[in-house]
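Chains A and B, in that order, are what the protein sequence lines are. Mapping to this note's numbering: the first sequence position 297 is 297, numbers consecutive. Count along the second sequence from 1, add 469, and you get the number used in this note's numbering. Cβ atoms here follow ideal geometry from the backbone N, Cα and C, with glycine treated the same way. Note that the coordinates shown come from a computational prediction; the quantities given were computed from them, not determined experimentally.
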Amino acid sequence: MINQEEQLKQLSVYRYGFRDDDARYDFVVPKGLSRGVVEAISEYKGEPDWMRQIRLQALEIFFRKPLPLWGADLSDINFDEITYYASPTRRKVQSWDDVPEYIKRTYEKLGIPEAERRFLAGLGAQYDSEVVYHKIREDLAKQGVIFVDTDTAVREYPDIVREYFGTVVPAADNKFAALNTAVWSGGSFVYVPPGVKVEMPLQAYFRINAENVGQFERTLIIAEEGSFVHYIEGCTAPIYATDSLHSAVVELIAKRGATIRYTTIQNWSHNVYNLVTKRGVAYEDASIIWVDGNLGSKITMKYPCVYMLGKGARGEVLSVAFASAGQHQDAGAKMIHAAPYTTSIVTSKSISMAGGRASYRGMVKVYPNCSGVKVNVRCDALLLDEESRTDTYPVMEIEEERVEVAHEATVSKIGEEQLFYLTSRGLSEEEALKMIVNGFFRDFAKELPMEYAVELNRLIELQLEGSVG
Amino acid sequence: MDNTDALVIRGLRVSVEGKEILKGVDLVVPKGEVYALMGPNGSGKSTLAQTLMGHPRYEVLDGEVLWKGENLLELSPDERAKRGLFLAFQYPVEIPGVGMGNFLHIAYQARTGQEVPVGKFHRQLLQRLRLLDMDPSFISRNLNEGFSGGEKKRCEILQMAMLEPEMAIMDETDSGLDIDAVRIVASAVNRIYAESQRQMGVLIITHYQRILRYIQPLHRVHVMMDGRVVLSGGPELAEQLEEMGYEFLERKLTEEGVLPGPTPGQEFGH
Chain A
1 MINQEEQLKQ LSVYRYGFRD DDARYDFVVP KGLSRGVVEA ISEYKGEPDW MRQIRLQALE
61 IFFRKPLPLW GADLSDINFD EITYYASPTR RKVQSWDDVP EYIKRTYEKL GIPEAERRFL
121 AGLGAQYDSE VVYHKIREDL AKQGVIFVDT DTAVREYPDI VREYFGTVVP AADNKFAALN
181 TAVWSGGSFV YVPPGVKVEM PLQAYFRINA ENVGQFERTL IIAEEGSFVH YIEGCTAPIY
241 ATDSLHSAVV ELIAKRGATI RYTTIQNWSH NVYNLVTKRG VAYEDASIIW VDGNLGSKIT
301 MKYPCVYMLG KGARGEVLSV AFASAGQHQD AGAKMIHAAP YTTSIVTSKS ISMAGGRASY
361 RGMVKVYPNC SGVKVNVRCD ALLLDEESRT DTYPVMEIEE ERVEVAHEAT VSKIGEEQLF
421 YLTSRGLSEE EALKMIVNGF FRDFAKELPM EYAVELNRLI ELQLEGSVG
Chain B
470 MDNTDALVIR GLRVSVEGKE ILKGVDLVVP KGEVYALMGP NGSGKSTLAQ TLMGHPRYEV
530 LDGEVLWKGE NLLELSPDER AKRGLFLAFQ YPVEIPGVGM GNFLHIAYQA RTGQEVPVGK
590 FHRQLLQRLR LLDMDPSFIS RNLNEGFSGG EKKRCEILQM AMLEPEMAIM DETDSGLDID
650 AVRIVASAVN RIYAESQRQM GVLIITHYQR ILRYIQPLHR VHVMMDGRVV LSGGPELAEQ
710 LEEMGYEFLE RKLTEEGVLP GPTPGQEFGH
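As structure tokens, then:
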């Protein structure tokens, strides 16, 4: 049994749990969800009518749709207690000097401006509902790469936004996609012109600060023919007694021969419901790679998806989940093969400890006449103790005979033999455990930029600290 | 004999899952000497090795184990390692994703309590690989992951060479190896022993005499049967044993009253 004390112990290792008590908000809507709230958000943003209509229609869908009952337990979410929009500032700036002091302090603690200087091609920083900082390297802007927050995109690139918004994840897809579409704010809009390769990553950093405020960013990435882009997002929040809600929608469009790599290191505090819909469409010979690390949150439900619509398209999901006391990581992947010679690879690794629960929920679908499809799904789960839990829910709908499908799932317990072996070499039990866990995640860490791999390593070690009795 | 610089085992009784395997082992392995411990399958050789290193599944019922005068049985496995004890495992486990080089570096620092810069450690590592005639590509692999049986054994030897133990217990390192591999392992042990300025103690646990033929020097041979050390002698004992076989010896010792009669299931304690 997990008692509150243990949960607190887990929370205490969370080093992003600070809050800005002197935060000021320019505009906050009343708690709860209504037509009035949605209209107020849209009006404050000064949006065109078409976007307001999209929001209002989505709100109706949200009210109509029931909560999903097939995954994690969401029954404790009180939609009436959530503030759906809180804007710290009306201004988006391109220099850290112009960011309000208390916000800058937060991002400095998170090491963000530093990272931008060192290895990023562009950076966006979202604080509660609004993006407060956005910048892209000039040389990329000159090549026609657009990297702005999605609100700015609605104003400055309405034609592109209208063409793609909601085409990959329609509001009716699920209750939380509808919610996001109704109250969305912030997020990134990326457009990469044909043939342009953005070698260094673009990054967005999402931070919830205020209590009971939901964050509903909306991200849309369009990679034109033969282009390449790597987008990274990181997420943290303070620790509050009440739960917060983060419900994002991410839509990716990879045109012929384009590659989009989308990396998430989610480290929400352990009182955040993280219910995210991420989906991409890959056309002929295009690739979409989701690299997805779930460390934080109370409950995460997230199944990055690739629709392979053109011949030779590739989809990949590489994910890790770490479920500790009081956490349920319900993560997975959806691979939809709607064209011949398409390839999907799913590699999922999860660790459960201190009563945490990790689930893999996966779906692979191959449509008729899609010959030459290759599917490879691999799920490895590691249990650190008896009270923790892991489950696998794989679904395969294969409607074509000429396909190669491989599925492998393993569950292992941290073996007494492994621990004995390493301790017999002089490592303490805790050092041995960290070594085994980091080894387990190594294939994932290799896919991250070095700075992130190091940070992931550190985060995992923090979680394991004091876990050996 | 001065026992302050030795591994001293006295009256050691050990059970695994409620079954008594070691029934009073007496054995002294001094530093600087190379001993063999031979015996048939099931005689308790591996149980002794695992108990000496501190495997949690082995329950000590009675007896004591002293290392340089200190009670080893009260120490955790890592504390035993830090005091210079090393076990070459009979069945080394795979640790996926953990690189050999990194592991050896961390283990070396843990074992010796010294910080060693990566570059310096790497040079030492390459030098040891040469000493052992091993391919440097070995260290870019993950610890025992996907290793063949022979590679796992050689990996144990490499660790033994790197961690510079004062007392090395080798649990059937020769089993499952072909004759060439046995010779390579034996010569590696000889070199590690020589490198230690003949200061290291070694206990070679084996079923067969063949590896002992190549071990230089070999100071003493002990024979274990039914959970006890029943016979000790010089290196020639290994050859005699090979000729007569364990079964013959068992009958002989039973006749002499050293071993209890062949009554299956009979309980006899101390």
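Candidates the options, of which the one nearest residue i by Cα
i, options, result
"residue 151 (chain A)", "A:128, A:184 and A:136", "A:184"
"residue 753 (chain B)", "B:651, B:677 and B:626", "The structure shown does not extend to residue 753 (chain B), since chain B is modelled only from 470 through 739, so no value can be given for it."
"residue 701 (chain B)", "B:494, B:481, B:485 and B:482", "B:494"
"residue 513 (chain B)", "B:570, B:694, B:709 and B:690", "B:694"
"residue 297 (chain A)", "A:269, A:324 and A:130", "A:269"
"residue 601 (chain B)", "B:624, B:635, B:615 and B:610", "B:624"
"residue 199 (chain A)", "A:430, A:62 and A:231", "A:231"
"residue 569 (chain B)", "B:541, B:611 and B:536", "B:611"
"residue 382 (chain A)", "A:450, A:356, A:365 and A:393", "A:356"
"residue 401 (chain A)", "A:370, A:430, A:378 and A:377", "A:370"
"residue 265 (chain A)", "A:433, A:234, A:380 and A:250", "A:234"
"residue 282 (chain A)", "A:206, A:257, A:272 and A:267", "A:257"
"residue 712 (chain B)", "B:698, B:699, B:677 and B:728", "B:677"
"residue 136 (chain A)", "A:102, A:113 and A:94", "A:94"
"residue 276 (chain A)", "A:312, A:245 and A:255", "A:245"
"residue 548 (chain B)", "A:427, A:432, A:448 and A:435", "A:427"
"residue 80 (chain A)", "A:47, A:34 and A:361", "A:34"
Nearest-angstrom beta carbon gap, residue j and residue i [assumed within contact, 8 Å]
i, j, result
"residue 592 (chain B)", "residue 632 (chain B)", "The pair is not a contact, with the Cβ atoms about 17 Å apart (cut-off 8 Å)."
"residue 299 (chain A)", "residue 74 (chain A)", "7 Å"
"residue 638 (chain B)", "residue 672 (chain B)", "5 Å"
"residue 384 (chain A)", "residue 414 (chain A)", "5 Å"
"residue 100 (chain A)", "residue 143 (chain A)", "Not a contact, Cβ separation roughly 32 Å."
"residue 683 (chain B)", "residue 665 (chain B)", "With a Cβ gap of about 18 Å, residue 683 (chain B) and residue 665 (chain B) do not count as contacting."
"residue 146 (chain A)", "residue 196 (chain A)", "Rounded, the Cβ-Cβ distance is 11 Å, inconsistent with contact."
"residue 21 (chain A)", "residue 88 (chain A)", "Contact doesn't hold; Cβ gap of about 14 Å is too wide."
Under 8 Å between C-beta atoms of residue i and residue j
i, j, result
"residue 375 (chain A)", "residue 395 (chain A)", "no"
"residue 688 (chain B)", "residue 533 (chain B)", "no"
"residue 595 (chain B)", "residue 605 (chain B)", "yes"
"residue 279 (chain A)", "residue 182 (chain A)", "no"
"residue 679 (chain B)", "residue 643 (chain B)", "yes"
"residue 331 (chain A)", "residue 309 (chain A)", "no"
"residue 487 (chain B)", "residue 531 (chain B)", "no"
"residue 334 (chain A)", "residue 303 (chain A)", "yes"
"residue 318 (chain A)", "residue 247 (chain A)", "no"
"residue 483 (chain B)", "residue 520 (chain B)", "yes"
"residue 149 (chain A)", "residue 187 (chain A)", "yes"
"residue 564 (chain B)", "residue 418 (chain A)", "yes"
"residue 562 (chain B)", "residue 421 (chain A)", "yes"
"residue 507 (chain B)", "residue 658 (chain B)", "no"
Inter-residue spacing [alpha-carbon to alpha-carbon] between residue i and residue j
i, j, result
"residue 478 (chain B)", "residue 566 (chain B)", "37 Å"
"residue 733 (chain B)", "residue 714 (chain B)", "Model confidence at residue 733 (chain B) stands at a pLDDT of 48, short of 50, so the residue's coordinates are unreliable; what they give is reported in the following sentence. Each residue's alpha carbon lies about 21 Å from the other."
"residue 86 (chain A)", "residue 352 (chain A)", "34 Å"
"residue 373 (chain A)", "residue 403 (chain A)", "5 Å"
"residue 737 (chain B)", "residue 489 (chain B)", "Interpretation of residue 737 (chain B) is limited by its pLDDT of 41, a score under 50 that renders its predicted location unreliable; no figure is taken from the coordinates."
"residue 529 (chain B)", "residue 621 (chain B)", "29 Å"
"residue 241 (chain A)", "residue 262 (chain A)", "32 Å"
"residue 685 (chain B)", "residue 442 (chain A)", "42 Å"
"residue 72 (chain A)", "residue 476 (chain B)", "56 Å"
"residue 543 (chain B)", "residue 473 (chain B)", "17 Å"
"residue 515 (chain B)", "residue 323 (chain A)", "38 Å"
"residue 28 (chain A)", "residue 209 (chain A)", "13 Å"
"residue 217 (chain A)", "residue 124 (chain A)", "12 Å"
"residue 1 (chain A)", "residue 387 (chain A)", "Model confidence at residue 1 (chain A) stands at a pLDDT of 38, short of 50, so the residue's coordinates are unreliable and nothing is read from them."
"residue 554 (chain B)", "residue 525 (chain B)", "16 Å"
"residue 635 (chain B)", "residue 670 (chain B)", "6 Å"
"residue 735 (chain B)", "residue 432 (chain A)", "Its pLDDT being 43, under 50, residue 735 (chain B) is placed unreliably in this model, and the coordinates cannot settle the point."
Short CB-CB distance (under 8 Å) between residue i and chain C
i, result
"residue 678 (chain B)", "No chain C appears in the structure shown, which is made up of the protein chains A and B."
Residues of the stretch 415 to 433 of chain A whose Cβ lies closer than 9 Å to any Cβ of chain B, in chain order: 415, 416, 417, 418, 419, 420, 421, 422, 423, 424, 425, 426, 427, 428, 429, 431 and 432
- prompt: At a Cβ cut of 9 Å, what residues of the stretch 558 to 570 of chain B count as close to chain A, listed as they run along the chain?
  reply: 558, 560, 561, 562, 563, 564, 565, 566, 567 and 568
task: Using a Cβ-Cβ cut-off of less than 8 Å, list which residues of the stretch 433 to 457 of chain A approach chain B; keep chain order.
output: 435, 436, 438, 439, 440, 441, 442 and 443
message: Closer than 8 Å between beta carbons: that is the criterion. Which residues of the stretch 524 to 554 of chain B meet it against chain A?
response: 524, 525, 526, 545, 546, 547, 549, 550 and 551
field: chain A contacts made by the stretch 637 to 655 of chain B, where a contact means CB separation under 7 Å
entry: none
- prompt: At a Cβ cut of 8 Å, what residues of the stretch 615 to 636 of chain B count as close to chain A, listed as they run along the chain?
  reply: 628 and 632
field: Contacting positions in the stretch 696 to 709 of chain B - beta carbon closer than 7 Å to chain A
entry: none
- prompt: At a Cβ cut of 8 Å, what residues of the stretch 490 to 511 of chain B count as close to chain A, listed as they run along the chain?
  reply: none
- request: With 7 Å as the C-beta to C-beta threshold (strictly closer), list the residues of the stretch 582 to 599 of chain B near chain A in chain order.
  value: none
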